[in-house]
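Participant: Numbering (my numbering), first residue to last: 428 to 625.
Heads up, the beta-carbon is just placed ideally off N, CA and C, and yes, glycines get one too.
Right, I'll just put the structure down here and ask away after.
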Amino acid sequence: MRTYLAAATAAVVIGGAGTLAAAPAFASPRAISHFDDGSFETPTVAVSTFDTFSAGQSFGPWRVTSGTIDLIGEGFWQAAEGGQSVDLNGTSAGAISQTFTTVPGTTYTVAYSLAGNPGGQALKTGKVLIDGQNFQDFSFDTTGKTTTDMGYVRRQVTFVATKASTTLTFASTTPNSAWGPAVDDVTVQPCPPVPCCG
Numbered sequence: 428m429r430t431y432l433a434a435a436t437a438a439v440v441i442g443g444a445g446t447l448a449a450a451p452a453f454a455s456p457r458a459i460s461h462f463d464d465g466s467f468e469t470p471t472v473a474v475s476t477f478d479t480f481s482a483g484q485s486f487g488p489w490r491v492t493s494g495t496i497d498l499i500g501e502g503f504w505q506a507a508e509g510g511q512s513v514d515l516n517g518t519s520a521g522a523i524s525q526t527f528t529t530v531p532g533t534t535y536t537v538a539y540s541l542a543g544n545p546g547g548q549a550l551k552t553g554k555v556l557i558d559g560q561n562f563q564d565f566s567f568d569t570t571g572k573t574t575t576d577m578g579y580v581r582r583q584v585t586f587v588a589t590k591a592s593t594t595l596t597f598a599s600t601t602p603n604s605a606w607g608p609a610v611d612d613v614t615v616q617p618c619p620p621v622p623c624c625g
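Printed below as a string of structure tokens:
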């Protein structure tokens, strides 16, 4: 993840604001009782900075499953909800996952707010995976967007749970870049039988 606060200060922000989080002990993901922390508020990142997490590391209930991501602190750029958000490209394209309990046969809706790091190439791309299967490709054009006006859009995808736990993944497909898609305000809700969401 890289961004600009102003063209003249980008190098200073990039070089000094971010920190690399210490690697916790590796462990297999366990399903939590419900989907949690969709606005990425845990752990708290220092104001106007970001922390970089690498594959195998966890932050709150989320786990980095490939590459690197940046957890963006409050004030670094506009969040869609709360104070923090995630750039799916840290120093390279990354992916984050959360495993939570589900009821087999129940339809769920995943909703999320999508934007992109204003730096780098304009088009940011990624995908939403459910239990490793690609359920949705997404893209966001950052042309004209800024750190104070990110231009978040709301997206959603539905799935039918097949097991007692489900893994949701957001993955960047923006290559060769430290400026990726920005994700925030993720929610997972069971769909009522009538009317069905979708």
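1. Please confirm whether Glu508 and Ser475 have their CB atoms less than 8 Å apart.
2. For the beta strand (DSSP E) that contains Thr526, what are its first and last residues?
3. Kindly indicate which residue of His461, Gly465, Gly487 has the alpha-carbon position closest to the one of Thr471.
4. Going straight from the alpha carbon of Phe527 to that of Gln616, what length do you get?
5. Rank Cys618, Phe567, Thr534 by C-alpha distance to the C-alpha of Arg581 and give the top, closest one.
6. May I have the straight-line CA-CA distance separating Phe586 from Ser481, to the nearest angstrom?
7. Can you have a look at Asp611 and say buried or exposed, based on whether 16 or more other CB atoms are within 10 angstroms of its CB?
Facilitator: Let me spell this out:
1. no
2. 522-528
3. For the set His461, Gly465, Gly487, the Cα lying nearest the Cα of Thr471 is the one of Gly487.
4. 12 Å
5. Phe567
6. 28 Å
7. buried
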